[in-house]
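A.B. asks:
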Amino acid sequence: MFGPQVPTVPVTEIADETYLLDVREDDEWAAGHAPTAHHLPMMELPARLAEVPTDREVAVVCRSGGRSAQVVAYLINNGWEQVRNADGGMRQWAAVGRPVVDANGQPGQVI
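This is the structure:
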């Protein structure tokens, strides 16, 4: 759908030091997210672009990979070079056993 210009990374290969950008909505984030992720809903990205680092690897995640692919394309078009789409999104993240916590830091779920 987005062509080869959107680089991806398997969720199993996202390093701890990678800036994990979760672009899902507030209710999705509250239900369950990666403990080290940074929340920035997709529709707020243009106004908050300066929050996304340019000096390190960035992996963008949503529920299944569609919204995050759009965000990766947007970031690349705005000068980011070290940005990749988390393949399979938070569904895949949870499926491979990576941690998911809710808004209170308790075990969460991907909705």
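Residue numbers for the sequence shown follow the working numbering, so the first one is 1 and each next one is one higher.
We put the beta carbon where it would ideally sit given N, CA and C, even for glycine.
1. DSSP on Arg67, reduced to helix/strand/coil?
2. For Met1 and Gly108, I'd like the C-alpha separation in whole angstroms.
3. So Asp22 is in the beta strand (DSSP E); what residue range does that whole segment cover?
4. By a C-beta neighbour count over all protein chains shown, 10 Å radius and 16 as the cutoff for buried, is Val71 buried or exposed?
5. Output needed for Arg84: all residues of its chain with C-beta closer than 7 angstroms, excluding positions within five of it in sequence on either side, in chain order.
6. If you reduce the DSSP assignment to three classes, tell me which class Pro10 lands in.
7. Between Gly32 and Val96, which are expected to be in contact by the criterion C-beta below 8 angstroms, what is the C-beta distance as a whole number of angstroms?
8. Under a Cβ-count criterion, where at least 16 other Cβ atoms within 10 Å of its own Cβ denotes burial, should Asp87 be classed as buried or exposed?
9. Tell me whether the beta-carbon of His38 lies closer than 8 angstroms to the beta-carbon of Trp29.
10. Should Gly105 go down as buried or exposed, given a rule of 16 or more other Cβ atoms within 10 Å for buried?
11. Output the boundary residues of the beta strand (DSSP E) element that contains Arg84.
C.D. replies: So, from the listed chains and residues:
1. Numbered from its first residue, the sequence shown carries residue 67 at position 67. The DSSP-derived three-state label of Arg67 is helix.
2. Sequence index remark: in the sequence shown, residue 1 carries index 1 (1-based). Sequence index remark: in the sequence shown, residue 108 carries index 108 (1-based). With a pLDDT of 48 at Met1, under the threshold of 50, the modelled position of this residue cannot be trusted; read the value that follows with caution. Distance between the alpha carbons of Met1 and Gly108 is about 30 angstroms.
3. On the sequence shown, position 22 is the one that residue 22 refers to. Element bounds for Asp22: Tyr19 to Asp22.
4. The residue labelled residue 71 in the question sits at position 71 within the sequence shown. By the neighbour-count criterion, in which 16 or more other beta carbons inside 10 Å mark a residue as buried, Val71 falls on the buried side.
5. Translated into the one-based positions of the sequence shown, residue 84 becomes position 84. Cβ within range, chain order: Pro7, Thr8, Val9, Ala59 and Val72.
6. By one-based count along the sequence shown, residue 10 stands at place 10. Here Pro10 sits in strand by DSSP.
7. The residue labelled residue 32 in the question sits at position 32 within the sequence shown. The residue labelled residue 96 in the question sits at position 96 within the sequence shown. Contact between Gly32 and Val96 is ruled out by a C-beta separation of about 14 angstroms, above the 8 angstroms threshold.
8. Locating residue 87 in the sequence shown gives position 87, where the first residue counts as 1. The residue in question, Asp87, is buried, as its Cβ has 16 or more Cβ neighbours within 10 Å.
9. The residue you call residue 38 lines up with position 38 of the sequence shown. The residue you call residue 29 lines up with position 29 of the sequence shown. The answer is no: Cβ separation not under 8 angstroms.
10. Start at 1 with the first residue of the sequence shown, and residue 105 comes out as number 105. With fewer than 16 neighbouring CB atoms inside 10 Å of its own CB, Gly105 falls in the exposed class.
11. Locating residue 84 in the sequence shown gives position 84, where the first residue counts as 1. Unbroken beta strand (DSSP E) run through Arg84: Val83 to Asp87.
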